[in-house]
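See below:
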């Protein structure tokens with residue numbers, strides 16, 4: 001069975017997760033104290049008590065503030081997730097996993113099995129424990145493909161849990177507890193969708209950690225980082241589109257929009273790094289391209305910064321993230337001007353053959369045309385090139401200085417030597433280039449260089465999670481085919497019927513597989529006498545369980561009975577007696593292999609509110625109308641043309 005990481009192995013990252021869990025518990029405790037104090041404050045009319053409670057509240061609130069700051073420091077521990085390579089790469093922002101409380105499903109599921117399925121709950125203890133072990137393992141996934149598969153496996157298993165144990169009209173009575181990844185605030189809900197959404201969030205978070213630890217000094221490392229951040233964006237985007245009204249801030253639409261944009265920006269930054277690795281640096285067109293790539297990175301980071309500064313987001317996004325994003329935006333703007341200057345100053349003037357191509361590229365390079373001579377003259381005149389290059393460098397240096405100033409405002413980032421090194425290296429590089437091309441006799445005023453038009457060679461993709469890559473088997477397969485034995489169907493208690501074979505056989509027609517259906521009963525025949533009805537499902541023959549049996553197997557069992565007759569166990573779905581009452585849109589589930597086909601959330605479980613005011617809407621499989629023959633309003637799964645009289 002799948003294993004999570006050993007939570008006690010003292011890796012840097014598990015120490016982080018431990019501290020995070022500890023802070024989450026403390027926040028939980030303080031929140032309970034605060035709720036208690038607030039209730040007392042509202043309830044009492046005694047002035048003295050009110051004063052004491054108000055004092056206690058101010059303590060609790062300042063404790064919460066300190067805990068949240070400690071958690072923010074943790075969320076900013078980017079260096080733990082970065083790689084150990086010698087080369088300098090700018091750090092990326094990874095997300096911490098959401099923590100959850102243990103969940104004991106043994107009693108609720110056993111009770112549901114005996115109440116709803118009419119079977120001994122005790123007989124399913126092994127399956128229930130296996131499910132709980134899988135949940136325990138997915139709390140500490142390893143930071144690699146195996147960890148991702150573990151989360152996917154659990155997510156897919158929740159689809160079966162939902163179909164088997166969560167009827168549309170009532171809840172199991174269990175609460176799913178999850179802590180906010182950014183604030184540590186606990187939330188709980190009875191809705192299984194909250195559990196699904198939180199697992200999906202962790203899938204995205206794990207991708208960010210895998211992306212942040214790649215060695216981006218090499219092409220394979222860069223490609224893996226790009227893939228990881230694209231998949232992280234896909235997981236957060238999928239969560240935003242399919243789940244709504246989450247009780248925790250990290251899963252709100254505003255927060256997920258921000259996370260998707262942040263991931264896209266990190267992809268774009270990796271693409272820039274990839275271009276610097278791939279391009280011959282000394283070529284004029286390659287340098288223009290790099291300048292445009294850098295401008296594109298600046299563009300996406302400034303969008304992330306705007307998103308992080310919105311009212312519902314800015315209060316809980318770690319200050320170090322907002323600062324880092326702003327620093328990167330300024331840094332890449334500086335780089336775009338630096339590469340523009342290098343293209344102009346370090347590359348020779350074009351030959352006549354090159355001129356047309358260079359002119360064409362330069363036409364689409366600036367946001368507005370530079371002042372001065374025509375492009376053709378500019379490109380062929382080294383002095384004009386130096387002038388414009390100098391203007392670009394002047395702007396680059398201003399932006400480097402701005403990046404360093406903003407970096408200095410955040411004490412957490414000040415501790416990050418790597419970022420400091422990158423910024424100061426880029427700054428010094430631009431300064432030395434400036435002094436190299438600056439002539440003492442320059443009497444002209446250095447003009448204002450226009451900005452560079454953003455353009456990328458590789459647009460980031462948002463890659464949705466591919467749930468079907470991890471195949472899972474329904475742990476509760478033994479309960480019978482989902483088309484009949486699901487939480488939303490109800491049936492009358494099983495009946496045992498003793499049937500004798502008459503001269504004309506048993507007197508019924510059978511149809512379909514797993515379970516086989518009695519499609520018609522001949523009036524006055526043996527089956528009618530024995531009390532079998534049209535619409536009954538055969539679940540056993542002579543004590544042998546037939547829920548999963550194919551048509552031919554059941555027929556074979558019936559045919560092999562002698563004069564003593566046969567014992568048949570049948571069930572009747574409630575509502576199948578009158579066709580109108582039946583759920584015509586009964587979903588046709590695939591038996592056993594069960595992969596998710598479509599999964600939009602819908603609101604059928606709004607009564608699943610826990611104490612939190614909003615509810616997380618719950619996903620139900622979009623029903624596909626059964627194209628297969630439906631007889632008297634009962635849904636069939638595998639109906640062939642094999643209806644026959646027996």
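Numbering (UniProt numbering), first residue to last: 1 to 646. The beta-carbon is built from N, C-alpha and C at its ideal position, and this holds for glycine as well. Here the structure is a predicted model, which means the values were calculated and not measured.
- Excluding sequence positions up to five before and after residue 250, its CB lies within less than 6 Å of the CB of 180, 181, 182, all in the same chain and listed in chain order.
- The beta carbon of residue 202 lies closer than 7 Å to those of 97, 98, 151 in the same chain, with the five residues before and after it left out.
- For residue 365, no alpha helix (DSSP H) segment is defined, and its DSSP state is neither H nor E.
- When secondary structure is reduced to three states using DSSP, residue 233 falls in the helix class.
- For residue 522, the secondary structure class from DSSP, reduced to helix, strand or coil, is coil.
- Cβ-Cβ separation between residue 288 and residue 396: approximately 15 Å, too far for a contact (criterion under 8 Å).
- Bounds of any alpha helix (DSSP H) do not take in residue 497; it lies within the beta strand (DSSP E) bounded by 495-499.
- By the C-beta criterion, the region 445-460 is judged not to be in contact with the region 349-356, since fewer than 3 inter-stretch pairs fall below 8 Å.
- In this structure, the CA atom of residue 496 is about 7 Å from the CA atom of residue 567.
- Sixteen is the threshold: since fewer than 16 other Cβ atoms of the shown chains lie within 10 Å of the Cβ of residue 473, the residue is exposed.
- The DSSP assignment places no complete run of the beta strand (DSSP E) inside the region 334-422 (cut-off: 3 residues).
- In this structure, residue 550 and residue 539 do not form a Cβ contact; the two beta carbons are roughly 14 Å apart against a cut-off of 8 Å.
- By the beta-carbon neighbour count (other beta carbons within 10 angstroms, threshold 16), residue 35 is exposed.
- DSSP, reduced to helix, strand and coil, places residue 187 within a strand of the structure shown.
- Per DSSP, the continuous alpha helix (DSSP H) segment holding residue 197 begins and ends at 192-212.
- Fully contained in the region 107-153 are the following alpha helix (DSSP H) runs of length 4 or more, in chain order: 125-138.
- Positions of the alpha helix (DSSP H) runs, each at least 4 residues long and wholly inside the region 267-338, are given as 284-308, 311-314 in order along the chain.
- In this structure, the alpha-carbon of residue 537 lies about 14 Å from that of residue 486.
- Shown here for residue 157: same chain residues with a beta carbon closer than 6 Å to its own, the five before and five after excluded, namely 472 in chain order.
- DSSP places residue 177 inside the beta strand (DSSP E), whose first and last residues are 176-179.
- Linking residue 275 to residue 426 through their CA atoms gives a straight-line distance of about 17 Å.
- Rounded to the nearest angstrom, the gap between the Cα atoms of residue 408 and residue 52 is 41 Å.
- Closest in alpha carbon position to residue 400, among 383, 377, 429, is 429.
- Residue 171 is a Cβ neighbour of residue 190, given a cutoff of 8 Å.
- Under the 8 Å Cβ criterion, the region 301-312 does not count as touching the region 368-375, having fewer than three qualifying pairs.
- Within the same chain, and ignoring the five residues on either side of residue 502 in sequence, the residues whose Cβ sits closer than 7 Å to its Cβ are 525, 526.
- For the 8 Å CB-CB criterion, residue 375 and residue 388 do not form a contact.
- Look at residue 437 here: in three-state DSSP terms it is helix.
- For residue 510, the uninterrupted beta strand (DSSP E) segment begins and ends at 508-511.
- For residue 541, the uninterrupted beta strand (DSSP E) run begins and ends at 536-541, by DSSP.
- Under the DSSP assignment, residue 566 falls in the beta strand (DSSP E) whose first and last residues are 566-572.
- Collapsing the DSSP output to three states places residue 516 in a strand.
- Residue burial is scored here from C-beta neighbours: residue 469 has fewer than 16 other C-beta atoms within 10 angstroms and is therefore classed as exposed.
- In the DSSP assignment, no residue is bridged to residue 447.
- The beta carbon of residue 292 sits closer than 8 Å to those of 336, 365, 452, 453, 454, 455, 456, all from its chain and outside the five residues before and after it, given in chain order.
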